[in-house]
Structures are given as structure tokens and as C-alpha cells.
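Protein chains in written order, with the numbering used here: chain A, -3 to 149; chain B, -3 to 149; chain C, -3 to 149; chain D, -3 to 149.
All residues carry an ideal CB built from backbone N, CA and C; glycine is no exception.
Okay, structure first, notes after.
There are 4 protein chains.
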Amino acid sequence: MAADADKSAGAQRLAEAVAAGMYARDHAARALGIGLVAVGPGFAKMAMTVRADMVNGHDICHGGMVFTLADTAFAYACNSHNRVTVAQNCAITFIAAARRGDVLTATAEERHRTARTGLCDITVSDQAGKLIAVFRGHSQEIKGEVVPGAGDG
Amino acid sequence: MAADADKSAGAQRLAEAVAAGMYARDHAARALGIGLVAVGPGFAKMAMTVRADMVNGHDICHGGMVFTLADTAFAYACNSHNRVTVAQNCAITFIAAARRGDVLTATAEERHRTARTGLCDITVSDQAGKLIAVFRGHSQEIKGEVVPGAGDG
Amino acid sequence: MAADADKSAGAQRLAEAVAAGMYARDHAARALGIGLVAVGPGFAKMAMTVRADMVNGHDICHGGMVFTLADTAFAYACNSHNRVTVAQNCAITFIAAARRGDVLTATAEERHRTARTGLCDITVSDQAGKLIAVFRGHSQEIKGEVVPGAGDG
Amino acid sequence: MAADADKSAGAQRLAEAVAAGMYARDHAARALGIGLVAVGPGFAKMAMTVRADMVNGHDICHGGMVFTLADTAFAYACNSHNRVTVAQNCAITFIAAARRGDVLTATAEERHRTARTGLCDITVSDQAGKLIAVFRGHSQEIKGEVVPGAGDG
């Protein structure tokens, strides 16, 4: 039990180190104001406020921005074990429109993981908890560590 | 034949009018530097240069930006008949990484369309013609015209 | 509260009546030995034993048979409100192989539903609870009732 | 050029040998009456007649049967290089209903292939050439040859 707790604490520390390393280099996420809310092994929660430059003329958030938020959470969740992992294919279903000023939160949870592939489910909700989109991502592990020398989970 | 040609020319003019109307209000597409290359009935081609604020620390374009380009071409293709149409669900497969400075072109072609739903296939290639991603979008027609009074196709 | 309970009991009775009506006509499901385990409003659980004529030479269940089981549960869940509803597009991820003799259970739960479209998540597990596949289905409501005159939910 | 022609002829012979080897063990395909029409490197065409035990009470073909036909063509196309390859995730869009007695043909073409993953597009049409469904499959290569010792393509 103590060993399990150690392992679990180690996996959490690793996930946090990986996320910090990724975020420092993640120009795209920062340019969109995507913030890291929480991360853990196989888990990430990220938030983004819908800005004027993310909407069309009806103040409806561009679907690509909703996807980008979800895809970012996906990337942090599936790289949290410090194995370099890339998105292979992703599907998104748009449930409700998000509007300018809405604060969207994407929650990514790994459903399954093998040595080479992973499956992650992401939901995007607004500040009222309303479901905006669901996203399912398939990842592929490639060679290397995200944070070299930090170990793996 | 003359009637067919008239109808076809009318559909082309309508697609161009709709695209112009959409683009004028499309803050998100313009903020990302997405340009409209060509449009027609059930067709759109759009281009985007991968900027420094679209990449991660390895100068690899964020998947969300590739999606956003493809999704934009999808929107212009499926709205080209002047019936307000929204994305319902979309799937993207990432084939090769795009890098900073690459000029990506998304080509959207409608595969099928009923009174209420549509299916569109989009490919994203770089300036050398290399395939970057494929995208399949399902749309839903809702009430109204994109450009009120311009008719429909 | 009593009214809510009545409504809920009515929705459950309707789901059961619709399922019985569908199953009586469902030659394909019965030919594959797919049985209805449980049904409710926006919910269905169905089971199938992997037979010799569902496998390849390695006794691995054909992916199409796993899909068919999941798709059947999807149909019963999204028609449970007695509005005729058809599958529009579906995606399946294969997690683990099922073998001859395995008893597979598909559990379908509606995630979202509007007047015209629906989203349903289905998981397929074996007799040991091992995850075999996940399936996400998008449905489209068309005109008519499944069981004419039985009302809707 | 002669070398290219030899290589191409060799790839065609290999695809045919692999298909014959797979079909001999493919109880599921044969139980459904799925026949192999043509095969080549990264290509397969298969046909199936919609039988009474493949339909519901309205004589509409079960979506799972349409998927199974497409998935079978997918398997033969992506294994045609004699590297054991399995479906990872697949998406199908249903365009039109098929009816009892219809002869459906699935045509599978590989769009992209790396050492470990592949992407294949499949269309399903009826005897009149009407589009019934489109299917996109992602495959994963695992260790081994389909026909041991026959080489690879």
C-alpha cells in the first residue's frame, strides 16, 4: 500500500513535470489563452475564454477553437506518462454553440492505453456546466521522453 | 443546355456571394490568416500559413490549427447553397506534421447532401503537395439563408 | 414528485413496448443471437455469444460482428422514445479481441438528444468485464412512431 | 522499368496469395456470403447480397451488415502487403438504405500507410451504383506475416 502510494505520487509528480515542460514550449496554446487547470496521470483539465477573435459575426465560437481546446487537453493527458505521444485521429461532436465571453473547460480522461496506442475521451463544457462538445482522440506513442530523464509512468 | 448553364452559373454566383458574406463576419478565420482561394457549389479551397503562434516548441503546427483550417473550408463548402448549415460532427486524421512557414491548403468537396444533412471530405496539403491531414465533416441544415434574399442552390 | 414518477414509469413502459415491437421484426439481430437484456428511456443493453460463424481462422471475432452488436444496442436506445430514429454515422474503436464462446454485452446510453439528432455512447465488454470496444453513434430522427399510437417520450 | 513491372507484378501476386489465405479461414465473411471480387496492393473489392436474415421488418438492411461488408474489404486491402494488420478504429456514414435482394459492393483503397499505421477509404454501393455508405478505417500493423514466408510488399 505504501509502495502503491509512492508510485501514485510519483506518477502525479511526473504528470506535472511533463505538463510544465510542454506548456513552456506551447506557443499555440498560450496564444489562444488556454490555461492548464489540472493534470494527472492520463488526465488533464484546461480552460479558455472565448475571445472576439475566436468568433464569427454572430458571436458564435468557431468550431476549430473548441476543437483546439479539446485537442490540447488530449495532448496533455496522453503525454502525462512522459512517453512522446501524438494525436493520430480525433472526432468531435458539437452539441451547443459557445459564445463570446464564455469560459470553456475541456476535461480529458484516458480510457485505454497500450504500449503504442491510446484512447482518450474529452468533454468541453461552459461556465454553467452546459455540454458544448464531446471529443474522442486516438493517440500513437513514438520514441522518446517528453522531459528527458524524468522517467516514465 | 442553356438552362443548365444558367443554373450552373447562378449556383456559382450564389456560392461566391455566400462566401463573401461569411468571410466579412468571420473574425476567427481572418485572425488566423486563413484566406479564401476558391469557392463553388459544394466546394471550397482555403489556405493558411503556419505562423510562430501556431506551433509548439518543436515548430510543429498545433493539430487544432490544421483542424481549424479544414473546418473553415468545410463551413464554406456546405453553406455555399445559401442554406444555413452547421457542423454536427467531424473527424480528422493527422498524416504528417506541418512546420512553421508551411503554406497549408484545405480543399473541401461535398460528397452527399439531403434536405437536412450533408457529408463533406476535406484534404489538407502543404506547399509541396504533401498530404498533411484528411477530415470528414457531417453537417446539419438549420433554418434560414446565409445571405438573406440571395436565393438558394 | 408523483407526476414525475408517473412520467418516468410511462417512459419506461414506452421504451419496453418499442423494444418489443422492434425485436419482433428484427431478423438480423435474431439471426445473430443478439438478445435484449434491458431497455429504458435512452438506454439499452444487449448480449451476443461469439459463434463459430462469427470468427476468422484464429477464432477472433470479426469486427463487423462486434459493431453489429453495438449498433443494435444503439438502435434500441435511440428509438426508445418511440420516434423513428436512424443511425447517421458511427465510429468504433477496437480495444481487445473477442474469441469464440465469449459472451459480449453492449451497453448503450444516450448522451444528448435534440428534436432531430442524438448522440449515444456504447461500450462492449466480455463476460469478465474486459473492455472489447467503444462505439459512438449519431442518430437522426425521421417522421413517424416506432409503435404507432403508443405515444412518445 | 522492367524492374518496376516485376515489383508491381510481385505485389499483385502477393496480394492475391494473402487474400486467398485469409479467405480460406474467414468463416464470418463466408457465412454472410461475402465474396472477393478483386484484390491488389492496398486494394480490395468485395460483394454481398442482402439476405432475409440481414434485414429488419421493413426489409432494410441492418447497418451492422453494411459495416461488416466494408470492414471485410478494409481488412483485405490493409493486409494485402502480407504484414499482419488489424483495424484500430473505423467510422461509417450511412447514406441510403439498402434493401433485401440488393447486391452491395465495397471498394477499399489505402490512402496512406506507414510502418505501423494505415488509413483506408471504403465506399459501399448497390447494383445500380447508388452510394449506400462511406467508411474510413485506421489500421495498426502488428508482428508477423499473414502468409508466412510469402514475403512482403
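Quick one: is residue i near chain G, going by C-beta distance under 9 Å?
i: M18 of chain B; result: Of the protein chains in the structure, A, B, C and D, none is chain G.
Tell me which residues share the same chain as residue i and place their Cβ nearer than 6 Å to its Cβ, disregarding the 5 neighbours each side in the sequence.
i: T89 of chain A; result: V130
i: C57 of chain D; result: V46, M50, V51 and A94
i: E137 of chain A; result: R79, T81 and R112
i: A25 of chain D; result: T68
i: D98 of chain D; result: V46 and D122
i: G31 of chain D; result: A43
i: E141 of chain C; result: N78
i: C116 of chain B; result: F70, A73, C74, A104, E106 and G133
Could you tell me how far apart the beta carbons of residue i and residue j are, in whole angstroms, since I believe they sit closer than 8 Å?
i: G38 of chain C; j: V143 of chain C; result: Actually they are not in contact, since the Cβ atoms of G38 of chain C and V143 of chain C sit about 17 Å apart, beyond 8 Å.
i: T101 of chain D; j: A43 of chain D; result: 5 Å
i: T64 of chain A; j: F63 of chain B; result: 7 Å
i: E106 of chain B; j: C74 of chain B; result: 7 Å
i: R132 of chain D; j: A87 of chain D; result: 5 Å
i: A48 of chain D; j: H54 of chain C; result: 30 Å between Cβ atoms; not a contact.
i: N85 of chain D; j: H134 of chain A; result: 6 Å
i: G59 of chain B; j: A40 of chain A; result: G59 of chain B to A40 of chain A, Cβ: 15 Å. No contact.
Any beta carbon from chain A within less than 9 Å of residue i's own beta carbon?
i: R95 of chain D; result: no
i: T119 of chain B; result: no
i: G59 of chain B; result: yes
i: T64 of chain B; result: yes
i: R112 of chain D; result: yes
i: T45 of chain B; result: no
i: H77 of chain B; result: no
i: H134 of chain D; result: yes
i: V130 of chain C; result: yes
i: D148 of chain B; result: no
i: A34 of chain B; result: no
i: A71 of chain B; result: yes
Output the boundary residues of the beta strand (DSSP E) element that contains residue i.
i: A25 of chain C; result: From DSSP, A25 of chain C is part of no beta strand (DSSP E) but of the alpha helix (DSSP H) over H23 to A27.
i: K139 of chain C; result: L127 to E141
i: A34 of chain B; result: G31 to G36
Starting from the C-beta of residue i, find all residues in its chain whose C-beta is less than 7 Å away, skip the five residues before and the five after it, and write them out in chain order.
i: V35 of chain B; result: A11, E12, A15, Y72 and S76
i: A92 of chain C; result: K126, L127 and I128
i: A66 of chain A; result: I88, A102, I118, V120, A129 and F131
i: T110 of chain D; result: none
i: D148 of chain B; result: H77, N78, R79 and E141
Less than 9 Å between CB atoms is the rule here; does residue i satisfy it with respect to chain B?
i: I56 of chain D; result: no
i: V82 of chain A; result: yes
i: A27 of chain A; result: yes
i: N85 of chain A; result: yes
i: L100 of chain D; result: no
i: A40 of chain A; result: no
i: L115 of chain D; result: yes
i: I138 of chain D; result: no
i: A13 of chain A; result: no
i: A5 of chain A; result: no
i: A(-1) of chain A; result: no
Kindly say whether residue i, judged by its beta-carbon, lies nearer than 9 Å to any beta-carbon of chain C.
i: V51 of chain A; result: no
i: H108 of chain A; result: yes
i: T103 of chain A; result: no
i: L10 of chain A; result: no
i: D122 of chain D; result: no
i: T68 of chain A; result: no
Counting only C-beta atoms, is residue i closer than 9 Å to chain D at any point?
i: D2 of chain C; result: no
i: I30 of chain B; result: no
Residues in its own chain within less than 8 Å of residue i by CB, not counting five upstream and five downstream?
i: G29 of chain A; result: M44, T45 and R47
i: K139 of chain C; result: V80
i: A5 of chain B; result: none
i: Q8 of chain C; result: G36 and P37
i: V33 of chain D; result: K41, M42, A43 and T101
i: R96 of chain C; result: V46, R47, A48, M50, V51, D55 and C57
Review point. Which runs of the beta strand (DSSP E), 3 residues or longer, sit entirely within the segment 41 to 121 of chain B?
Key: DSSP runs (the beta strand (DSSP E)) wholly in the segment 41 to 121 of chain B: 79 to 90, 99 to 109 and 113 to 121.
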